[in-house]
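Novice:
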Amino acid sequence: MPVHLSVLVQTPAHSGIGGPLTYLSEEALALGTLVRVPLGQRELLGIVWPPPPDTAEQTNPGKPVRLRNIAGVLAGLQPLKPSWQTLVRFTASYYQRSEGEVALAALPPSLRELSPVQLTRRLQRQSGSAKGKVQGIDPSIPDVSSQTGLAAAPQGLALTTEQEAVLGQIENQKGPFLLFGSTGSGKTEVYLQAVQRLLQAEPMAQALVMVPEINLTPQLEQRFRQRFEPWLGQGCVVAMHSAMTPAQRLASWLAAHSGQARMVLGTRMAVLASLPHLRLIVVDEEHDPSYKQQEGARYSARDLAIYRGQLEGAKVLLGSATPSLESWHHSRPASEDKPAGRYVRLHMPARVGESALPWVRRVDMNRQPRRTIFSAVLLDAMRERIAMGQQVLVLLNRRGYAPVLHCPSCHWKSQCPHCSAFQVFHKLDRSLRCHHCSFAQAVPRACPECGDTDVRAMGRGTEQLEELLAAQLEGVVRPGGGAARIARIDADSTRAKGTLEAQLAQVHAGEVDVLVGTQMIAKGHDFRRVSLVAAIDTDGALFSSDFRAPERLFSLLMQAAGRAGRDAQWSSQEGHACEMWVQTFFPQHPLFDALKRHDYPQFAQDQLQERAQAGMPPFSFQALLRAEARTQEAAQAYLTAVAQLAADLPSAHQLTLYPPVPLGIQRVAQIERAQLLVEGTSRTALQAFLTAWQPLLRSARQHHRQVLRWAIDVDPLVI
Ligand code: ADP
Ligand code: ZN
Ligand code: ZN
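Next up, the structure:
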């Protein structure tokens, strides 16, 4: 007698089919079992799921539906755990997406293509390579004590007093923890030893360690492998990020799901990995905006880590030298009138070893000759460093040669024909490229409007700095002889696979004297010989309309400063401390004052005070409704209409709906974009409202056919 089975499949966003579909099966299957099911002409991967509460209403009494049989069971795999199912349900509901979309996107793409037979073969191969351990089919896990022939637990570095104290607190308290540690204070060693202590105490346990950027994973992976493979054997550490091949991703996922992999290192996507014995989650550089997914379910992997930790009883450790203001606020100590935040704040102010944080120097650009790009004092300081064999980092967060070309005779500008943005001039390949829609064309020989041949570059990007430095550093001689070697790292220089690794290796090997780059060079790298960092053109962020711009600038500059003087050997020679230079027209700005003192707490306090007064996050909760259409009017008309429909919804009176506005970059690839901000002081009210609003947003589109897409962004990072 076949039984009814609810199965979750990947359904298109906003299709209205949010919940599971009903199928027939010869046998009852546990929730979380992976199956293959027919849908229309296709066969899809699905997950056995609890039936929706209102099944009775769903089966249309008018039309008898003929249920179809499931096509197969992926019997080699353990069902996905109830806690994983809960995580998916929470993510879908909190970020206003369907469970099917979230659940299936969390599985490796190639799992969707495998038939049960192919999967069995795959599992046999993988377990064969994992020293004969049967995995997947057999839930038993190779525990530490039974691994004969392997070395004893790793020694690790002798801990500093601060590291020891922090590890003790992590062991003895519940958390979640915010580790506030200076750049170079040895946070990574804390992560390594926290993981090690966990695995020593609980042989079955698994740890998840997240980093914001794919380009930081290889370095971290190497440190974890070196530390743990001699102890736990090959395969105890796996990576999980989007730059891996489908086969690699599948292998990592299977290893994590079976419990074979004890440590998963990954980017934000890893937060939804199946980890049946998860006991510890580390979120490194927790302030980094890349933890927020920018399409589909727009989740924050950091926030989900906190939720998941609570759900599964896993400890959560967030780490940063410049925490997000949200995490800083949540970890506030108790004051006279307010209780402490829910996170435990841990401190590691000192750098490891002799090295000090760099001396911050502000160059007042008002006193420089007009159109100065590098001030003479900065150039002198650079020359001196290079002559001593030290390295210099130059940070400019804009790639290309110049952000715009213009014609002085008729004022023509290199406007992108498809976007409300300029095409960027790339001199190396003589192209004009739009960084929003990727539209590219050759640089015109003359002004397309008036024919004047004197078309000029306005402003500057990393390409131009590279060229300029080559000219201005001419004649500087390195200790071993030879001219200064200049390299550039940005999204253009690292497009080909493997180039970033190669370029970074050159820097580490001391084959580069000056490294010019975008924020890619500021984050996380343990450069040993850098003793001078210079930031160019950062003033824009001081007066941005985005209230998070100062927070991002401050953390970028602190991170960049953190690349200097990481090795006392290279920075304190002959009394030359390491330096961070900032060229600015606003040297008195409080942000630079705080930077000079390396005083994140002061900066955070100022910012939080402003936010509290203005009622902005973390003192309020926000969601954005974005709409895209061929015309701005159509996009805004839809938003206006759904705002009117919202008036009677539950909790609407507790929230503010702001009028629709165009996005900062209003048009991209011929599509007009508009958004509406919803704000309130109760997260619960906002959630209840959004859930009730969803069906109205869907149905209103029937009357607004010109709207191509709409999406909700909960806790948006960019407004
Ligand atoms: P962070 O992540 O806080 O910026 P890292 O973990 O990269 O700092 O540590 C900075 C440097 O200090 C690294 O080269 C690391 O190997 C070294 N280090 C960390 N802890 C210790 C220690 N206890 N003893 C000696 N060196 C250490
Ligand atoms: Zn012209
Ligand atoms: Zn464009």
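Take any residue in the sequence shown, count from 1 to its spot, add 3: that is its number in this note's numbering. Here a beta-carbon is modelled for each residue, glycine too, at the ideal position from N, C-alpha and C.
In chain order, what are the residues with a CB under 6 Å from some non-hydrogen atom of ligand 2?
Specialist: Listed along the chain, these residues meet the criterion: Cys410, Ser412, Cys413, Trp415, Cys450, Glu452, Cys453 and Asp455.
Novice: Could you check the C-alpha separation between leucine 126 and threonine 36 for me, to the nearest Å?
Specialist: Their Cα atoms are separated by approximately 16 Å.
Novice: Please confirm if the segment 532-539 is in contact with the segment 324-334, defined as three or more CB-CB distances below 8 Å between the two stretches.
Specialist: In short, these stretches do not touch, since the Cβ pair count stays below three.
Novice: Just checking valine 285 against ligand 1 - is the residue's beta carbon closer than 8 Å to any of the ligand's heavy atoms?
Specialist: Not under cutoff, so the answer is no.
Novice: Please report the Cβ distance between methionine 368 and alanine 405, rounded to the nearest whole angstrom; I am assuming they are in contact, meaning their Cβ atoms lie under 8 Å.
Specialist: That belief does not hold up - the Cβ atoms of methionine 368 and alanine 405 are roughly 18 Å apart, past 8 Å.
Novice: According to DSSP, proline 342 sits in a beta bridge with which residue or residues?
Specialist: Answer is none; proline 342 lacks a bridge partner.
Novice: Drop a sphere of 10 angstroms on the beta-carbon of leucine 425, count the other beta-carbons inside from all chains shown, and report buried for 16 or more, exposed for fewer.
Specialist: At residue 425 the sequence reads phenylalanine, which differs from the leucine that was named. Buried.
Novice: For methionine 213, count neighbouring Cβ atoms within 10 angstroms of its own Cβ and tell me buried if that reaches 16, exposed if not.
Specialist: Classification for methionine 213: buried.
Novice: What three-state label does DSSP hand asparagine 175 in the structure shown?
Specialist: Note: asparagine 175 maps to helix in three-state DSSP.
Novice: Give every residue of the same chain whose Cβ lies closer than 6 Å to the Cβ of alanine 552, excluding the five residues on either side of it in the sequence, and list them in chain order.
Specialist: Taken in chain order, the residues that qualify are Ala544.
Novice: What does the Cβ neighbour count give for arginine 69, buried or exposed, with the cut at 16 atoms within 10 Å?
Specialist: It counts as exposed.
Novice: In angstroms with no decimal places, state the Cα-to-Cα distance between arginine 373 and aspartate 540.
Specialist: Answer to the nearest angstrom: the Cα atoms are 14 Å apart.
Novice: Does the distance from the C-beta atom of glutamine 605 to that of alanine 597 stay below 9 Å?
Specialist: For glutamine 605 and alanine 597, yes; Cβs fall inside 9 Å.
Novice: By the three-class DSSP mapping on this structure, what secondary structure does tryptophan 415 have?
Specialist: In the structure shown, tryptophan 415 sits in coil (DSSP, three-state: anything other than H, G, I, E or B).
Novice: Quick check: the Cα distance between tryptophan 256 and valine 446, rounded to an integer number of angstroms?
Specialist: Answer to the nearest angstrom: the Cα atoms are 46 Å apart.
Novice: Look up tyrosine 26 in the DSSP assignment and give the residues it is bridged to.
Specialist: Leu8.
Novice: Taking 8 Å as the cut-off, is the beta-carbon of alanine 672 closer than that to any non-hydrogen atom of ligand 3?
Specialist: Answer for alanine 672: yes, Cβ within range of ligand 3.
Novice: Identify the residues that DSSP records as bridge partners of threonine 659: which are they?
Specialist: DSSP output for threonine 659 lists Glu682 as bridge partner(s).
Novice: What's the C-alpha gap between glutamine 746 and alanine 714?
Specialist: With the chain running from 4 to 722 in the structure shown, residue 746 is simply not present.
Novice: Please confirm whether glutamate 46 and arginine 39 have their CB atoms less than 9 Å apart.
Specialist: Their beta carbons are under 9 Å apart, which means glutamate 46 touches arginine 39 by this criterion.
Novice: Quick one, which of Pro292, Val407 and Glu452 has its alpha-carbon nearest arginine 436's?
Specialist: With distances taken between Cα atoms, arginine 436 lies closest to Val407.
Novice: Could you give the residue range of the alpha helix (DSSP H) that holds arginine 228?
Specialist: That run of the alpha helix (DSSP H) goes 220-235.
Novice: Since I believe serine 558 is in contact with histidine 290 (beta carbons under 8 Å), could you give me their beta-carbon distance rounded to a whole number of angstroms?
Specialist: Histidine 290 to serine 558, Cβ: 5 Å. Contact.
Novice: Between alanine 607 and the rest of its own chain, which residues show a CB-CB distance below 7 Å, the 5 nearest in sequence each way excluded?
Specialist: Closer than 7 Å at the Cβ level, and outside the excluded window around alanine 607, lie Leu328 and Trp331.
Novice: Might you give, ordered along the chain, the residues of its own chain that have their beta carbon closer than 8 Å to the beta carbon of glutamine 475, omitting 5 neighbours on each side?
Specialist: For glutamine 475, where only same-chain residues beyond five positions count, the Cβ hits under 8 Å are Phe377 and Leu382.
Novice: If the criterion is Cβ atoms closer than 9 Å, does the pair serine 303 and proline 215 meet it?
Specialist: Not in contact: serine 303 and proline 215 (Cβ atoms no closer than 9 Å).
Novice: Going by DSSP in three states, glutamine 612 sits in which element: helix, strand or coil?
Specialist: Helix.
Novice: Closest by CA to leucine 321, which one among Tyr194, Pro41 and Pro719?
Specialist: Comparing Cα-Cα distances from leucine 321 to each of Tyr194, Pro41 and Pro719, the minimum goes to Tyr194.
Novice: Along the chain, which unbroken stretches of the alpha helix (DSSP H) at least 4 residues long are found entirely within the segment 253-278?
Specialist: Counting whole runs of 4 or more residues, the segment 253-278 contains no alpha helix (DSSP H) stretch at all.
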